[in-house]
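Shown next, in structure tokens, is the structure this report addresses.
Number of protein chains: 4
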Amino acid sequence: MSNEIGTVLRLTTFGESHGEAMGGVIDGFPARVAVDLERLQEQVSRRRPGQSAVTTQRSEQDRVEILSGIKDGMTLGTPIGFIVRNTDHRSEDYDEMAHVYRPSHADYTYEARYGIRDHRGGGRASARETVSRVVAGALAAQLLERHGVRVVAYSSQIGDVKVEEDYGRLNLNEVYNSDVRCPDGGAAHRMRVAIEQARTERDTLGGIVTCVVTGLPAGVGDPVFGKLQARLAAAMMSIPAAKGFDYGLGFGFADRRGSEVIDEFVMRDGRVRTLTNYSGGLQGGITNGEDLVMRVCFKPIATMPREVRTVDAGGNETVLTTRGRHDVCAVPRAVPVVEAMAALIVLDAMLVAGKIIIE
Amino acid sequence: MSNEIGTVLRLTTFGESHGEAMGGVIDGFPARVAVDLERLQEQVSRRRPGQSAVTTQRSEQDRVEILSGIKDGMTLGTPIGFIVRNTDHRSEDYDEMAHVYRPSHADYTYEARYGIRDHRGGGRASARETVSRVVAGALAAQLLERHGVRVVAYSSQIGDVKVEEDYGRLNLNEVYNSDVRCPDGGAAHRMRVAIEQARTERDTLGGIVTCVVTGLPAGVGDPVFGKLQARLAAAMMSIPAAKGFDYGLGFGFADRRGSEVIDEFVMRDGRVRTLTNYSGGLQGGITNGEDLVMRVCFKPIATMPREVRTVDAGGNETVLTTRGRHDVCAVPRAVPVVEAMAALIVLDAMLVAGKIIIE
Amino acid sequence: MSNEIGTVLRLTTFGESHGEAMGGVIDGFPARVAVDLERLQEQVSRRRPGQSAVTTQRSEQDRVEILSGIKDGMTLGTPIGFIVRNTDHRSEDYDEMAHVYRPSHADYTYEARYGIRDHRGGGRASARETVSRVVAGALAAQLLERHGVRVVAYSSQIGDVKVEEDYGRLNLNEVYNSDVRCPDGGAAHRMRVAIEQARTERDTLGGIVTCVVTGLPAGVGDPVFGKLQARLAAAMMSIPAAKGFDYGLGFGFADRRGSEVIDEFVMRDGRVRTLTNYSGGLQGGITNGEDLVMRVCFKPIATMPREVRTVDAGGNETVLTTRGRHDVCAVPRAVPVVEAMAALIVLDAMLVAGKIIIE
Amino acid sequence: MSNEIGTVLRLTTFGESHGEAMGGVIDGFPARVAVDLERLQEQVSRRRPGQSAVTTQRSEQDRVEILSGIKDGMTLGTPIGFIVRNTDHRSEDYDEMAHVYRPSHADYTYEARYGIRDHRGGGRASARETVSRVVAGALAAQLLERHGVRVVAYSSQIGDVKVEEDYGRLNLNEVYNSDVRCPDGGAAHRMRVAIEQARTERDTLGGIVTCVVTGLPAGVGDPVFGKLQARLAAAMMSIPAAKGFDYGLGFGFADRRGSEVIDEFVMRDGRVRTLTNYSGGLQGGITNGEDLVMRVCFKPIATMPREVRTVDAGGNETVLTTRGRHDVCAVPRAVPVVEAMAALIVLDAMLVAGKIIIE
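Chains as they are written, first to last, in this note's numbering: chain A, 20 to 378; chain B, 20 to 378; chain C, 20 to 378; chain D, 20 to 378.
In structure tokens form, the structure reads like this:
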């Protein structure tokens with residue numbers, strides 16, 4: 020069950036980093052939705068490594084093969100099966116890891132859970148797993164768009180470089196024109212510099228991805244355990260290296276007074292609106308028609324070209340010096356993954372709430 | 020489906036704040052577990068309002084009635100049904116709210132979702148809903164304890180008063196001896212002062228609950244969408260007023276270097292251990308045997324004795340002055356709820372991983 | 020998970036036969052549906068024992084208490100929690116069974132599954148468990164009725180007495196005017212005689228319940244594992260003592276030629292119709308707009324006032340003579356249970372297929 | 020959700036008959052199970068058409084490609100993704116069906132459900148969909164075998180030819196040496212004759228598959244909605260063309276006296292056993308350690324080389340003469356599918372009940 024997410028729109032994924040293929044099945048996607056497979060491929064390529072100086076050089080092609088559920092560019096209502104072949108293995112790079120647990124990676128915990136693991140590149144725990152999420156998320160995003168709902172994410176912090184502007188003042192169309200996935204030109208430049216410096220110092224950086232969903236109607240989400248923030252939190256915290264999630268003012272609420280952060284209601288253009296949006300678009304787990312705004316924090320990549328203390332499978336302490344190709348910072352590549360998870364969860368909630376009717 | 024949580028241990032809850040009763044069904048609880056119903060009642064009472072100067076005066080008795088699944092103090096393996104009657108209604112206090120949406124509450128969003136709502140005290144969106152969680156969580160905690168796993172939460176921040184000490188330096192047995200649920204005497208005093216001052220100023224406070232799970236074996240949790248942090252995040256973000264979740268160093272990872280925060284492995288007493296625990300006890304979604312540490316941020320209570328701008332159900336702008344009994348700060352009462360959700364999710368994950376065998 | 024059924028409309032039940040109460044939670048029932056609680060109570064009473072000479076004398080009142088989800092006769096969209104207290108225990112009748120396994124009952128298998136059981140009256144395995152199904156089913160049936168969908172079941176065979184007429188020639192409004200739940204007066208008389216004779220002979224009878232759902236639109240049900248017949252089969256086979264399920268011509272298909280039993284299409288009143296309905300209203304798991312017709316076979320009650328060979332919990336062979344009050348034939352009391360399960364599954368499928376829109 | 024089956028062992032399938040590929044994901048399969056991929060392929064080939072005179076001539080190779088979850092012949096605990104390419108399309112055979120609904124097929128109902136369908140060969144409603152079930156079932160069967168549990172099915176009736184012997188008197192190892200999948204040589208011969216005669220008469224035949232599961236421990240299965248017979252019934256009724264399910268004496272219980280069919284307990288070799296097995300191995304939804312015996316009835320194939328009345332998508336009555344290659348009788352090819360579904364459900368139930376521990 021752990022390889023599956025969603026309620027009526029459900030994604031099941033499979034694939035180890037260095038196995039035959041990554042893939043997934045999308046069940047519950049509405050019928051008769053026209054899909055643009057070129058745009059799908061483009062979004063998947065944005066997650067791909069090897070795109071610029073700031074990301075790793077592994078050169079997967081990441082070509083999406085749709086196997087079912089779509090015919091002549093139109094969904095059939097049947098499950099959409101897809102695969103993305105793994106082509107660039109070089110698994111010999113990982114031979115040492117067959118017996119040594121990489122610190123702050125999932126090698127030891129998978130061994131503890133299953134008594135076996137595919138050590139090559141992290142197997143199922145690899146960030147490569149997220150390619151299937153992006154395929155599904157890109158399809159979801161296309162359907163959302165037709166209903167006026169748009170999902171955009173961007174790097175809002177990398178290391179100590181923060182975007183100071185509110186998202187409302189940024190041109191969110193520019194995110195993918197930036198190799199660090201930051202639409203604020205000044206901050207983007209400083210992020211690039213910070214990444215290069217960390218690389219020089221054989222170190223890595225963490226950061227934060229901010230995600231905004233616009234165009235949502237009021238009334239999407241469910242009470243109690245199905246609160247939209249709960250589903251989104253689970254989706255985001257399931258991304259490799261994610262360590263924190265908040266929405267609206269988030270952790271910033273801790274030291275604020277109630278009177279400062281209450282979102283008073285007014286009427287605007289005949290609609291109920293809030294004067295402010297500290298709540299981030301949700302009350303009681305259900306959208307209120309304002310923008311849905313959330314943040315996901317990522318830890319610095321745990322693999323870096325340094326010696327680190329560790330133990331091996333035999334219980335002996337040892338020292339590991341990592342080889343292989345690795346990013347300095349996961350944040351830019353996490354941007355399309357955060358978008359994908361948001362699109363999947365929001366579309367699922369809209370379907371549950373009956374807010375999407377395919378005419 | 021939105022009133023249900025868990026995988027093999029599953030809790031389904033029901034009940035509106037001012038309806039007949041709150042209640043729930045716990046399915047998948049193992050058979051032949053001796054349970055102490057007095058301790059269960061005691062834990063439920065800790066969530067109850069009306070306990071001290073710092074919490075609201077509503078005086079529910081919150082007596083738990085077990086209806087099935089337990090016989091002669093022993094679980095049967097069959098579903099545990101329970102109810103907690105609502106006894107102190109005073110629903111006339113809420114008459115005004117039948118037509119007016121309280122800002123930063125779920126009145127408007129429930130109306131948008133369902134076209135109907137029980138306006139009395141927030142209905143299903145009320146914090147009263149959490150009583151069912153505490154019942155279930157207390158049972159889960161008893162079983163965890165027999166396996167050496169202990170879940171403790173405490174108020175680590177209320178308004179701008181923070182506990183500066185690491186949890187390892189606190190006496191976590193003292194949490195429930197403190198009316199603000201803070202085991203650090205100095206901080207507890209300052210929290211109490213801050214709450215009284217906010218009350219005087221007719222304002223409210225937010226804060227943070229920290230939760231620690233000790234005694235976990237390595238190998239609990241699942242990959243990909245079933246990562247333990249994903250399940251925990253969903254559980255915590257489903258608590259009313261929760262706005263953020265992180266674990267380990269959490270959002271603190273954003274501006275740290277990888278080399279600073281890697282948890283190197285060593286051997287200690289024949290076991291694989293980490294030198295540090297920035298990861299908060301999880302790698303790749305699975306426990307590594309270190310303490311599981313997480314934080315949940317709560318917003319200030321949105322109900323305060325002040326005039327606030329709002330709109331009514333007819334689309335007219337108006338002003339609302341809240342009456343009724345309300346807390347200044349939800350954090351102390353959230354502490355047992357956070358514990359309950361942690362206990363449920365952790366027990367579920369242990370059952371899934373086959374780490375609990377009832378002999 | 021095993022105490023839960025349904026996809027978006029979900030029923031979770033709890034309760035042991037001689038515990039405090041039976042009960043359940045209905046999640047996903049649409050909001051703003053007016054419900055008639057008196058008719059609900061009436062349907063529940065139809066399942067109740069002690070109604071006539073042909074059924075057992077246990078005199079439960081079976082009063083349904085709705086605890087949530089319905090206010091002023093209208094559903095709220097929130098979960099509907101309910102209980103039915105167990106009032107007439109006489110559990111001393113069951114003392115012998117604490118140590119002896121009743122043959123063809125679930126005593127031994129529960130013991131093998133859980134290592135513990137509530138022996139009083141079968142505990143969770145008792146037919147009393149079905150009262151919660153009838154509560155939920157009666158609510159579902161009320162909503163179906165507003166959409167022109169009607170669910171009727173009747174005893175079509177008891178022992179060797181069979182209703183020879185097709186359901187289309189019976190007056191299905193008469194079912195509950197018959198104590199054996201058979202709308203064919205002649206057959207009903209013979210069934211009554213057969214039951215009395217079996218009682219005299221200290222024996223028991225099996226039989227068949229036929230269930231018909233009329234007024235269904237085409238397009239309800241799902242492909243592959245979600246076929247409507249698969250969901251219905253699971254629901255029916257989960258009723259205590261059910262041993263077989265079929266629909267349409269069912270097992271009668273085995274020795275028929277394809278050319279005899281093909282349901283050819285014609286146009287009638289501008290609608291696609293079939294000339295015959297061997298298929299029982301479903302093709303590929305989805306309704307075609309014809310009547311949905313199915314049968315459920317029940318075994319003879321395994322408890323009878325005779326000596327039977329058995330073993331005790333210590334592994335000793337022994338002889339059991341059953342006391343306590345028991346029916347001769349489960350079929351009449353199964354009729355409202357079959358209706359309830361059909362109503363729940365059909366409503367769920369209609370909600371999944373978006374065929375029910377609450378205006 | 021409708022393309023998914025199972026509780027902790029879960030199969031999700033995808034693929035249209037004439038699309039790119041059929042495939043599936045098996046989630047929850049235990050780690051460290053050695054699997055024999057050649058035997059897997061062999062079992063899949065048994066379902067394949069084109070094997071003998073009695074089955075259709077479509078010559079798919081049905082080569083299984085495992086994409087994840089198995090490394091060096093050993094399961095990893097991660098999801099097992101697999102595909103089977105569709106190679107022999109000839110979809111031009113189906114051009115007429117783009118606009119005409121085949122009677123007693125799912126063309127019209129899919130159109131009613133989705134407003135779109137892949138008309139080629141039935142799309143998702145085709146029996147070809149079952150290839151993914153056989154892949155998953157064959158893996159499940161291998162693991163069951165290591166625990167002494169064996170699943171065997173056979174054709175027990177085709178048309179009016181019935182196997183008269185009880186399964187205990189048949190050599191169940193002979194099933195796959197028979198092209199009609201019948202281990203009773205005499206009956207097999209008569210079945211073959213019946214099929215040839217029906218073919219000559221341009222007609223088709225139905226029949227029954229009997230399935231036996233031996234070696235089960237007591238205590239497998241769950242109460243109430245999770246009864247093993249309920250899960251099995253759903254699994255079997257989800258197979259294309261299945262119209263009825265029963266177990267043990269099944270529909271034969273209807274006219275039997277309770278005293279005739281009670282399964283009395285005795286002690287044999289220190290174990291609790293029943294003298295007879297009318298119950299078919301289950302009491303209250305849980306295994307009692309006797310053989311689990313069930314039957315599935317299949318209707319005659321609805322496609323036959325005859326003129327049949329029907330309507331087209333425009334609502335005009337018309338006549339259809341089917342071309343394309345089709346079987347006379349689905350029963351022999353259903354045998355491995357019934358085995359697969361039984362293996363999946365039984366393994367799932369054993370995992371849920373904690374009866375399979377991978378050492």
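Every residue, glycine too, gets a C-beta built ideally from N, C-alpha and C.
So, does the CB of Pro-242 (chain C) fall closer than 8 Å to a CB anywhere in chain A?
-> On the third sequence, residue 242 (chain C) is found 223 positions in, with the first residue counted as 1. At least one C-beta of chain A is nearer than 8 Å to the C-beta of Pro-242 (chain C).
Mind the definition here: the stretch 223-243 of chain D touches the stretch 159-179 of chain D only if three or more C-beta pairs lie below 8 Å; say whether that holds.
-> Yes: the two stretches touch, three or more of their Cβ pairs being nearer than 8 Å.
Quick one: using the 10 Å Cβ neighbour count with 16 as the cut-off for buried, is Asp-55 (chain B) buried or exposed?
-> Residue mapping note: residue 55 (chain B) aligns to position 36 of the second sequence, counting from 1. The C-beta of Asp-55 (chain B) has fewer than 16 other C-beta atoms within 10 Å across all chains shown, which makes the residue exposed.
If you pair each beta-carbon of the stretch 187-205 of chain C with each one of the stretch 279-297 of chain D, do three or more pairs fall below 8 Å?
-> Not touching, per the Cβ criterion.
Thinking Ile-135 (chain C) and Arg-51 (chain B) are a contact (beta carbons under 8 Å), I'd like their distance in whole angstroms, please.
-> Taking the third sequence and counting its residues from 1, one reaches residue 135 (chain C) at position 116. Taking the second sequence and counting its residues from 1, one reaches residue 51 (chain B) at position 32. Between Ile-135 (chain C) and Arg-51 (chain B) a beta carbon distance of about 5 Å is seen, short of the 8 Å cut, so the two are scored as contacting.
Hey, which unbroken runs of the beta strand (DSSP E) at 3 residues or more fall wholly within the stretch 272-296 of chain A?
-> Inside the stretch 272-296 of chain A, DSSP marks whole beta strand (DSSP E) runs of 3 or more residues at positions 284-287 and 290-293, from first to last along the chain.
Find out if the Cβ-Cβ distance for the pair Phe-284 (chain B), Arg-328 (chain A) is shorter than 8 Å.
-> Locating residue 284 (chain B) in the second sequence gives position 265, counting from the first residue. Locating residue 328 (chain A) in the first sequence gives position 309, counting from the first residue. Against a cut-off of 8 Å, the Cβ pair of Arg-328 (chain A) and Phe-284 (chain B) comes out as a contact.
Are the Cβ atoms of Met-369 (chain A) and Ile-376 (chain A) separated by less than 8 Å?
-> For the purposes of this step, residue 369 (chain A) is taken as the residue at position 350 of the first sequence. For the purposes of this step, residue 376 (chain A) is taken as the residue at position 357 of the first sequence. Against a cut-off of 8 Å, the Cβ pair of Ile-376 (chain A) and Met-369 (chain A) comes out as no contact.
Thinking C-alpha only, which one of C:Phe-270, C:Ala-273, C:Leu-268 and C:Gly-263 is nearest Gly-269 (chain D)?
-> In the fourth sequence, counting from the first residue as 1, residue 269 (chain D) sits at position 250. With distances taken between Cα atoms, Gly-269 (chain D) lies closest to C:Gly-263.
Just the Cα atoms here: how many angstroms apart are Gly-300 (chain D) and Thr-128 (chain C)?
-> Here residue 300 (chain D) is taken as the residue at index 281 of the fourth sequence, counted from 1. Here residue 128 (chain C) is taken as the residue at index 109 of the third sequence, counted from 1. When rounded, the distance between both Cα atoms is 10 Å.
Determine the DSSP secondary structure at Thr-229 (chain D), reduced to helix, strand or coil.
-> Translated into positions along the fourth sequence, residue 229 (chain D) becomes position 210. In this structure, Thr-229 (chain D) counts as strand in the three-state DSSP scheme.
Is there a Cβ from chain C that is less than 8 Å from the Cβ of Val-239 (chain A)?
-> Your numbering for residue 239 (chain A) matches position 220 in the first sequence. No, its Cβ sits nowhere closer than 8 Å to a Cβ of chain C.
For Phe-244 (chain A), which option in B:Glu-220, B:Val-243, B:Ala-249 and B:Ile-258 has the closest C-alpha, if you only look at C-alpha atoms?
-> In the first sequence, counting from the first residue as 1, residue 244 (chain A) sits at position 225. The option with the nearest alpha carbon to Phe-244 (chain A) is B:Ile-258.
Whose Cβ in chain B lies nearer than 8 Å to the Cβ of Thr-97 (chain D)?
-> As a position in the fourth sequence, residue 97 (chain D) is number 78, starting the count at 1. Those are Pro-242, listed as they occur along chain B.
When we look at the beta-carbon of Ala-206 (chain A) and count the other beta-carbons within 10 Å, is it buried (16 or more) or exposed?
-> Taking the first sequence and counting its residues from 1, the one referred to as residue 206 (chain A) is at position 187. A residue is called buried when at least 16 other Cβ atoms come within 10 angstroms of its Cβ; Ala-206 (chain A) meets this threshold and is buried.
Return the chain-ordered list of same chain residues with a C-beta closer than 6 Å to the C-beta of Asp-265 (chain A), the five sequence neighbours on each side being excluded.
-> As a working note, residue 265 (chain A) is residue 246 in the first sequence. Here Asp-265 (chain A) has Arg-314 as same chain residues with Cβ atoms under 6 Å from its own Cβ, once five neighbours each way along the sequence are excluded.
Go through the stretch 153-193 of chain D residue by residue and report every complete run of the beta strand (DSSP E) that reaches 3 residues or more, in order.
-> For the stretch 153-193 of chain D, whole beta strand (DSSP E) runs of length 3 or above, ordered along the chain, are 169-177.
Which of the three DSSP states, helix, strand or coil, is assigned to Gln-80 (chain B)?
-> For the purposes of this step, residue 80 (chain B) is identified with residue 61 of the second sequence, where counting begins at 1. Note: Gln-80 (chain B) maps to coil in three-state DSSP.
So, do the stretch 332-349 of chain D and the stretch 207-223 of chain D have three or more beta carbon pairs nearer to each other than 8 Å?
-> Result yes; three or more Cβ-Cβ pairs closer than 8 Å.
Quick one: Cα of Leu-366 (chain D) to Cα of Leu-294 (chain A), how far?
-> Sequence index remark: in the fourth sequence, residue 366 (chain D) carries index 347 (1-based). Sequence index remark: in the first sequence, residue 294 (chain A) carries index 275 (1-based). So the alpha carbons of these two residues sit roughly 56 Å apart.
Proximal residues, the stretch 319-350 of chain A versus chain B, C-beta separation under 7 Å | Cβ contacts with chain B: Pro-319, Ile-320, Ala-321, Met-323, Arg-325, Val-327, Arg-328, Thr-329, Val-330, Gly-334 and Glu-336.
Exposure label - Thr-219 (chain A); buried when at least 16 CB within 10 Å | The residue labelled residue 219 (chain A) in the question sits at position 200 within the first sequence. The Cβ neighbour count for Thr-219 (chain A), taken over all protein chains shown within 10 Å, is under 16; the residue is labelled exposed.
For Ala-40 (chain D), go through chain A and note every residue whose CB falls closer than 8 Å to its CB, in chain order.
-> Locating residue 40 (chain D) in the fourth sequence gives position 21, where the first residue counts as 1. Chain A residues near Ala-40 (chain D): Leu-86, Ser-87 and Gly-100.
Cβ atoms of Asp-46 (chain A) and Pro-98 (chain A): under 8 Å apart, would you say?
-> Here residue 98 (chain A) refers to the residue found at position 79 of the first sequence. Here residue 46 (chain A) refers to the residue found at position 27 of the first sequence. In terms of Cβ geometry, Pro-98 (chain A) and Asp-46 (chain A) form a close pair [threshold 8 Å].
Please confirm whether any heavy atom of the ligand SAH lies closer than 7 Å to the CB of Asn-296 (chain B).
-> Only the bare structure without any ligand can be found here, which leaves the ligand SAH out of the picture.
Would Gln-216 (chain C) count as contacting chain D if we go by Cβ distances under 8 Å?
-> For the purposes of this step, residue 216 (chain C) is taken as the residue at position 197 of the third sequence. Contact of Gln-216 (chain C) with chain D is not assigned, every C-beta pair being separated by 8 Å or more.
Roughly how far, in whole angstroms, is the beta-carbon of Ala-361 (chain A) from the beta-carbon of Leu-251 (chain A), given that I think they are within contact range, below 8 Å?
-> For the purposes of this step, residue 361 (chain A) is taken as residue 342 along the first sequence, with counting starting at 1. For the purposes of this step, residue 251 (chain A) is taken as residue 232 along the first sequence, with counting starting at 1. Indeed they touch by this definition, with Cβ atoms about 7 Å apart.
Counterpart residues of Phe-264 (chain A) in DSSP-defined beta bridges = Here the question's residue 264 (chain A) lines up with position 245 in the first sequence. BP columns for Phe-264 (chain A) point to A:Val-315 and B:Phe-264.
Thinking C-alpha only, which one of A:His-208, A:Leu-162, A:Gln-161 and A:Val-153 is nearest Gln-176 (chain A)?
-> As a position in the first sequence, residue 176 (chain A) is number 157, starting the count at 1. The candidate whose alpha carbon is nearest that of Gln-176 (chain A) is A:His-208.
Within 8 Å (strictly less), CB to CB, does Glu-283 (chain B) reach chain A?
-> By 1-based counting over the second sequence, the position of residue 283 (chain B) is 264. Yes, Glu-283 (chain B) lies at the interface with chain A (some Cβ there is under 8 Å from its Cβ).
What's the C-alpha gap between Ala-332 (chain B) and Gly-303 (chain A)?
-> What you label residue 332 (chain B) is simply residue 313 of the second sequence in a count that begins at 1. What you label residue 303 (chain A) is simply residue 284 of the first sequence in a count that begins at 1. A direct Cα-to-Cα measurement between Ala-332 (chain B) and Gly-303 (chain A) gives close to 18 Å.
Flag this pair as yes or no: are the beta carbons of Gly-42 (chain C) and Phe-33 (chain C) separated by less than 8 Å?
-> Taking the first residue of the third sequence as 1, we reach residue 42 (chain C) at position 23. Taking the first residue of the third sequence as 1, we reach residue 33 (chain C) at position 14. Less than 8 Å separates the beta-carbon of Gly-42 (chain C) from that of Phe-33 (chain C).
Note down the Cα distance separating Val-330 (chain C) from Thr-94 (chain B), rounded to an integer number of angstroms.
-> Locating residue 330 (chain C) in the third sequence gives position 311, counting from the first residue. Locating residue 94 (chain B) in the second sequence gives position 75, counting from the first residue. Distance from the CA of Val-330 (chain C) to the CA of Thr-94 (chain B), rounded to the nearest whole angstrom, comes to 25 Å.
Report the neighbours of Tyr-195 (chain D) on chain C: residues whose CB is nearer than 7 Å to its CB, in chain order.
-> The residue given as residue 195 (chain D) occupies position 176 in the fourth sequence. Here the premise fails: no neighbours, minimum Cβ distance about 22 Å.
For the candidate residues A:Val-63, A:Leu-158, A:Ser-278 and A:Met-323, whose alpha-carbon lies nearest to that of Gly-277 (chain B)?
-> Start at 1 with the first residue of the second sequence, and residue 277 (chain B) comes out as number 258. The option with the nearest alpha carbon to Gly-277 (chain B) is A:Met-323.
Can you name, in chain order, every residue of its own chain whose Cβ lies under 6 Å from the Cβ of Gly-144 (chain C), other than the five neighbours on each side?
-> Working through the third sequence from its first residue, we reach residue 144 (chain C) at position 125. What sits at residue 144 (chain C) in the sequence shown is Ala, not Gly. Only Ala-125 meet the Cβ criterion.
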